[in-house]
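Working notes, beginning with the structure itself.
Protein chains: 2
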Amino acid sequence: MHPNLIEYIKRYVSITEAEIAIFQTYLHSKKIKKKEFLLKEGQFCKSRYFIIKGCVRLFHFDNKGNEQIIHFGIDNWWITEYESLINQIPSQLNIQAVENTELLELPEAYFDELCEKVPIIERLFRKIMEKTYIAIQKRIEYIYSLSGEEQFRFFIDANPEFTQRVPQYMIASYLGMSPEFVSKVKAKIK
Amino acid sequence: MHPNLIEYIKRYVSITEAEIAIFQTYLHSKKIKKKEFLLKEGQFCKSRYFIIKGCVRLFHFDNKGNEQIIHFGIDNWWITEYESLINQIPSQLNIQAVENTELLELPEAYFDELCEKVPIIERLFRKIMEKTYIAIQKRIEYIYSLSGEEQFRFFIDANPEFTQRVPQYMIASYLGMSPEFVSKVKAKIK
DNA sequence: CGATTCTTTGAAAACAGTCAATCTGTGTGG
DNA sequence: CCACACAGATTGACTGTTTTCAAAGAATCG
């Protein structure tokens with residue numbers, strides 16, 4: 108198994124070599140190039156993906172036809188489209204590579220079987236979900252309590268390296284702002 | 108165990124009578140009156156709560172000193188403050204009853220022990236978290252793609268009975284709007 | 001009924017979006 | 001290596017949505 112994933116897992120749970128070995132057999136490595144899609148609107152999402160290296164964005168087109176980025180995934184994050192994955196319905200969202208990206212794919216078809224064999228995996232994913240939930244709830248807190256300008260400043264302070272990696276208009280979209288507005292805030296900061 | 112919780116659990120996982128009986132031993136029932144607090148800023152959150160009947164709100168004070176409601180909890184929902192619960196840090200949020208509320212308390216101190224004895228509980232909570240995550244992600248989608256007026260209309264259409272149960276200013280706070288604005292939108296609808 | 005809490009209304013102001021034009025930078029092919 | 005094309009970023013004027021403030025009106029509870 109890739110050392111990044113092993114290290115990641117150990118941040119959440121204690122796991123034995125034997126358990127890692129079993130987990131390993133359920134994973135496939137996958138590479139996608141910049142602008143390639145991991146999932147397109149209308150398709151069924153059938154896997155969870157661990158990003159070894161790279162960056163993807165999860166987005167949809169809003170009622171005015173604008174791309175709205177729901178969130179990004181980067182190195183050492185799990186990414187998937189839960190609504191499609193869990194409810195087995197066609198995805199309303201797209202997942203696209205922002206950079207060339209290296210992933211590990213964990214197919215959902217065998218996920219329950221894996222959890223039976225290695226129950227700690229169930230705990231791992233429960234804990235991951237809890238952490239993810241905390242993060243997304245904080246995001247809602249910020250959306251409502253900070254002005255657009257404050258949100259942008261906060262984002263670049265919290266993610267200085269990431270800000271360099273992706274185009275500015277994508278950060279604007281993620282923050283629910285127009286690219287022009289972000290540009291103006293940036294000018295103001297200097 | 109309360110029939111509401113049994114029914115709730117069975118929507119997520121298959122569970123035996125014996126497993127329910129064990130789960131039961133970890134639960135305490137609890138009642139709080141309108142305006143009483145389940146958790147106050149600064150306290151450590153030590154339990155997950157299942158709401159049998161009633162309504163609570165999870166809120167904090169933003170940097171301008173306004174109450175910001177993060178979300179509500181009603182009949183047949185689990186509620187807790189995950190950041191405090193998981194990271195064992197003082198809560199930045201308050202949980203307060205909006206109505207007289209009847210709960211089941213599941214103390215976190217014994218949660219791991221319960222999951223060891225009844226592994227299906229671990230799966231239950233993983234699945235609950237996944238559903239919860241889908242819901243909160245959709246909320247972000249709506250925040251960014253609908254205007255304030257549209258968000259309010261959508262909310263009352265989706266939650267007609269709930270709109271009657273709580274004061275309008277709380278719905279405004281939950282939706283991140285001023286009470287005056289909600290009032291104006293309401294006038295416009297008629 | 002009196003007091004407090006919640007809701008409504010209107011006018012002025014702030015914040016962020018839209019549109020259109022221009023500027024910058026980067027990569028590609030000749 | 002240059003020229004061009006195209007994607008992304010910037011700027012300014014104008015517009016629209018939502019907030020803020022203040023005051024008045026309704027509803028609820030002891």
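One line per chain: the protein sequences are A and B, in this order. Take 108 as the starting number for the first sequence in this note's numbering and just add one per residue. Take 108 as the starting number for the second sequence in this note's numbering and just add one per residue. Glycine included, C-beta positions come from ideal geometry on N, C-alpha and C. All of these numbers come straight from a predicted model, not from anything done at the bench.
Worksheet item: In chain A, what lies closer than 9 angstroms to B/ILE296 by C-beta?
Response: Here the question's residue 296 of chain B lines up with position 189 in the second sequence. Proximity of chain A to B/ILE296 at the Cβ level (cut-off 9 angstroms) is not reached, the minimal Cβ distance being about 20 angstroms.
Worksheet item: With 16 as the cutoff for other CB atoms within 10 Å, does A/GLU229 come out buried or exposed?
Response: For this step, residue 229 of chain A is matched to residue 122 along the first sequence. Buried, by the Cβ-count rule.
Practice prompt. Can you say whether A/ALA279 is buried or exposed, counting buried as having 16 or more other CB atoms within 10 angstroms of its CB?
Written response: Residue mapping note: residue 279 of chain A aligns to position 172 of the first sequence, counting from 1. Under the 10 Å beta carbon count, A/ALA279 is surrounded by 16 or more other beta carbons and is classified as buried.
Worksheet item: Less than 8 angstroms separating the beta-carbons of B/PRO197 and B/PHE151?
Response: Stepping through the second sequence from its first residue, residue 197 of chain B is reached at position 90. Stepping through the second sequence from its first residue, residue 151 of chain B is reached at position 44. Contact: yes.
Discussion item. Which residue wins for smallest C-alpha separation from B/LEU282, given the options B/GLU190, B/SER254, B/ALA294?
Written reply: The residue you call residue 282 of chain B lines up with position 175 of the second sequence. Taking the Cα of B/LEU282 as reference, the smallest distance to any Cα among B/GLU190, B/SER254, B/ALA294 is reached at B/SER254.
Item to complete: Over the uninterrupted beta strand (DSSP E) stretch that includes A/THR187, give me the two end residues.
Response: Taking the first residue of the first sequence as 1, we reach residue 187 of chain A at position 80. Where A/THR187 is concerned, there is no enclosing beta strand (DSSP E), given that its DSSP letter is neither H nor E.
Worksheet item: CB B/CYS162 to CB B/VAL289, shorter than 8 angstroms?
Response: Here residue 162 of chain B refers to the residue found at position 55 when the second sequence is read from its first residue. Here residue 289 of chain B refers to the residue found at position 182 when the second sequence is read from its first residue. The answer is no: Cβ separation not under 8 angstroms.
Discussion item. For chain B, check one thing: does any of its Cβ atoms lie closer than 8 angstroms to the Cβ of A/ILE122?
Written reply: Along the first sequence, one-based indexing puts residue 122 of chain A at 15. So no, A/ILE122 is outside the interface.
Practice prompt. Starting from the beta carbon of B/ILE263, find every residue of chain A whose beta carbon is closer than 8 angstroms, and list them in chain order.
Written response: For the purposes of this step, residue 263 of chain B is identified with residue 156 of the second sequence, where counting begins at 1. Listed along chain A is no residue with a C-beta nearer than 8 angstroms to that of B/ILE263; the closest approach is about 19 angstroms.
Worksheet entry | Contact set for A/ASP169: own chain, Cβ-Cβ below 8 angstroms, skip 5 residues either direction | As a working mapping, residue 169 of chain A is identified with position 62 in the first sequence. In chain order, GLN175 place their CB closer than 8 angstroms to the CB of A/ASP169, counting only its own chain and leaving out the 5 sequence neighbours on each side.
Worksheet item: What number of angstroms, rounded off, separates the C-alpha of B/GLU248 from the C-alpha of A/LEU200?
Response: Translated into the one-based positions of the second sequence, residue 248 of chain B becomes position 141. Translated into the one-based positions of the first sequence, residue 200 of chain A becomes position 93. Each residue's Cα considered, the two are about 11 angstroms apart.
Discussion item. Within a Cβ cutoff of 6 angstroms, which residues of the same chain sit near A/MET108, ignoring the five residues on either side of it in sequence?
Written reply: Within the first sequence, the letter at position 1 stands for residue 108 of chain A. If we look at A/MET108 and ignore the five residues flanking it on each side, its Cβ neighbours are ILE127, GLN131.
Worksheet item: Using a Cβ-Cβ cut-off of 7 angstroms (strictly less than) and excluding sequence neighbours within five positions of A/VAL225, which residues of its own chain qualify?
Response: Position 118 of the first sequence, counting from 1, holds the residue named residue 225 of chain A. Once the five neighbours on either side are set aside, the close Cβ partners of A/VAL225 are GLU126, ILE129, PHE130.
Item to complete: Quick one: measure Cβ to Cβ for B/LEU231 and B/ILE113, integer angstroms, because I've assumed they're closer than 8 angstroms.
Response: Taking the second sequence and counting its residues from 1, one reaches residue 231 of chain B at position 124. Taking the second sequence and counting its residues from 1, one reaches residue 113 of chain B at position 6. Contact flag wrong, Cβ pair sits at about 12 angstroms.
Worksheet item: In chain order, what residues of the same chain have a beta carbon less than 8 angstroms from the beta carbon of A/LYS153, not counting five sequence neighbours either side?
Response: Within the first sequence, residue 153 of chain A is the residue found at index 46, counting from 1. Result list for A/LYS153: LEU192, PRO214, GLU215, ALA216, in chain order.
Fill in: A/ALA242 burial status per 10 Å Cβ neighbour count (16 or more: buried)
Along the first sequence, one-based indexing puts residue 242 of chain A at 135. When all chains shown are included, A/ALA242 counts as exposed.
Practice prompt. Determine the burial state of A/GLU124: buried for a count of at least 16 other Cβ atoms within 10 Å of its Cβ, exposed for fewer.
Written response: In the first sequence, counting from the first residue as 1, residue 124 of chain A sits at position 17. Exposed, because fewer than 16 other Cβ atoms sit within 10 Å of the Cβ of A/GLU124.
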